Amino acid sequence: MRLMTFAVLLGFFAATAVAEDAVAQLKIAVVNADAAIGLSEEYKSFRDSLEAEFADERANIQQLQTDIEALQQRVVDERDVMSEKELGDVTKEIENKGIDLEFVGKKLQKDATDRQQEFIQEMTPKFNAVVNDLIEIERYDFVLARQTLLFANMKHDITAKVTEKLNERYAEQQAQADG
3 MRLMTFAVLL
13 GFFAATAVAE
23 DAVAQLKIAV
33 VNADAAIGLS
43 EEYKSFRDSL
53 EAEFADERAN
63 IQQLQTDIEA
73 LQQRVVDERD
83 VMSEKELGDV
93 TKEIENKGID
103 LEFVGKKLQK
113 DATDRQQEFI
123 QEMTPKFNAV
133 VNDLIEIERY
143 DFVLARQTLL
153 FANMKHDITA
163 KVTEKLNERY
173 AEQQAQADG
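As structure tokens, this is what we get:
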């Protein structure tokens, strides 16, 4: 019986050692897709073009806010000397500008969100290609999304490598476009 127990324990420890060795040989990487894309030069270029594209709308929003504040201040300052009609007209103008502000703000938000979604859809295949290249080069067994993990040792994080490769590809793309 002792021999049988010893054999079972020996087998268990041997299996555990083999399993630990197999796990130790696994090459695992973690990547934060949002950070990899968000820190890329292509995203920075996109963000700059987006700001330029919507500069007029932002200026319009700022002007509407300034106009509303000026009209509100006018009501505060001149309320005692304004006629009821004039006060009603100014109040109506404040309401109309508020409606315009809300409409323009929502439109800007929607347009910016739509453009960002288009950019992410455009970047997803590029991101996947870079990750696949790194999997092939580095021979990773697993690449996990950082967002799905409670903890990952930073030594497994390849986000910076992915961003670097995205930047290299973007630089090549820009060179081809310029040349």
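According to the numbering used here, the sequence shown is numbered sequentially starting from 3. Heads up, the beta-carbon is just placed ideally off N, CA and C, and yes, glycines get one too. These figures come from a predicted structure and were not determined experimentally.
Is the beta carbon of residue i less than 9 Å from the beta carbon of residue j?
i    : j    : result
L146 : K167 : no
T126 : S42  : no
D36  : Q149 : yes
D69  : K99  : yes
L52  : A131 : no
For residue i, count neighbouring Cβ atoms within 10 angstroms of its own Cβ and tell me buried if that reaches 16, exposed if not.
i    : result
M156 : exposed
N34  : buried
L66  : buried
V133 : buried
V78  : exposed
V32  : buried
A177 : exposed
Since residue i contacts residue j with CB under 8 Å, what's their CB separation in whole angstroms?
i    : j    : result
L110 : E59  : 5 Å
I30  : F144 : 5 Å
A38  : T161 : 5 Å
V106 : I63  : 6 Å
Q74  : I101 : In fact, because the Cβ distance is near 15 Å, the residues do not count as touching under 8 Å.
R2   : K128 : Since the first residue of the chain shown is 3 and the last is 181, residue 2 is not available in this structure.
Check for me: the alpha helix (DSSP H) holding residue i runs from which residue to which?
i    : result
L110 : 86-140
H168 : Note that residue 168 is Leu in the sequence shown, not His. Element bounds for L168: 161-180.
L66  : 57-80
Can you give me the Cβ contacts of residue i inside the same chain, cut-off strictly under 7 Å, excluding the 5 residues immediately before and after it?
i    : result
A19  : Low local confidence applies: a pLDDT of 47 at A19 is under 50, so the model's placement there is unreliable, with the coordinate-based value given in what follows. Nothing listed; no residue qualifies.
I122 : none
N169 : S42, E43
A179 : none
Grab the span of the beta strand (DSSP E) containing residue i for me, first residue to last.
i    : result
I30  : 30-33
L146 : 144-147
Going along the chain, which residues of its own chain have a beta-carbon closer than 8 Å to the beta-carbon of residue i, five neighbours each way excluded?
i    : result
E55  : R117
K163 : L136
R81  : L89
M84  : V77, V92
Please work out which residues of its chain come closer than 6 Å, Cβ to Cβ, to residue i, disregarding the five sequence neighbours upstream and downstream, and give them in chain order.
i    : result
Y45  : I39
Y142 : K29, A31
A173 : none
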